Amino acid sequence: MVWRPRRTRITAYAMAGVIVLGMVVLAVVVAPQFKVVDRLLLVAFGAFLGWVLHMFARCRVVADEGGVTVVNAFRTRRLAWPEVLGVTMAEGEPWPTLDLADGTSLGAMGINGSEKSRAAHHLGEFRALLGRHAEAPDR
3 MVWRPRRTRI
13 TAYAMAGVIV
23 LGMVVLAVVV
33 APQFKVVDRL
43 LLVAFGAFLG
53 WVLHMFARCR
63 VVADEGGVTV
73 VNAFRTRRLA
83 WPEVLGVTMA
93 EGEPWPTLDL
103 ADGTSLGAMG
113 INGSEKSRAA
123 HHLGEFRALL
133 GRHAEAPDR
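For what it's worth, this note's numbering labels the leading residue of the sequence shown as 3, then goes sequentially.
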């Protein structure tokens with residue numbers, strides 16, 4: 003299963019398009035005192051901002067029989083099911099937190115708390131999978 007936020011992706015890619023297009027147009031119509039290098043830097047800056055927005059839009063949580071892959075903005079982490087002890091998401095949190103066997107926790111940005119009912123549904127699906135793949139049954 004793959005969980006990814008819908009509104010975050012739409013917003014990020016729309017903003018990236020507007021920014022990149024705006025910087026290209028600005029580079030073309032900017033005042034004549036701007037040199038070619040300046041214009042290229044404008045386009046490069048727009049492309050950089052587009053890349054940053056893409057990194058936020060690519061966030062997802064992928065679960066399969068072997069474990070779970072958490073793709074956050076700038077880091078991807080693969081976890082086997084026994085490494086994930088639980089998942090929590092309190093009211094108002096931006097995304098759930100995976101409690102890991104090594105005592106650390108990991109945010110899962112692929113389930114976005116701002117999409118309330120969708121996030122609750124995805125969290126329920128993830129918890130069901132986690133319960134099914136847990137090493138020992140809960141008592």
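Cβ atoms here follow ideal geometry from the backbone N, Cα and C, with glycine treated the same way.
Keep in mind that this is a model prediction, so the values were computed, not measured.
My output table needs one value for V32: the three-state DSSP class, helix, strand or coil. coil
Looking only at C-alpha atoms, which of V26, P84 and A103 sits nearest to L42? V26
Buried or exposed: P7, going by 16 or more other Cβ atoms within 10 Å of its Cβ? Classification for P7: buried.
So, for I21: in the same chain, excluding its five sequence neighbours on each side, which residues have a beta-carbon less than 7 Å away from its beta-carbon? G48, L51 and G52
Would you report the Cα separation of L125 and V32, rounded to the nearest angstrom? 48 Å
Going by the CB atoms, is the gap between V72 and L108 shorter than 8 Å? yes
Among G133, K118, H123 and V63, whose alpha-carbon lies nearest the alpha-carbon of N74? V63
Please report the distance separating the alpha-carbon of G115 from that of L23. 30 Å
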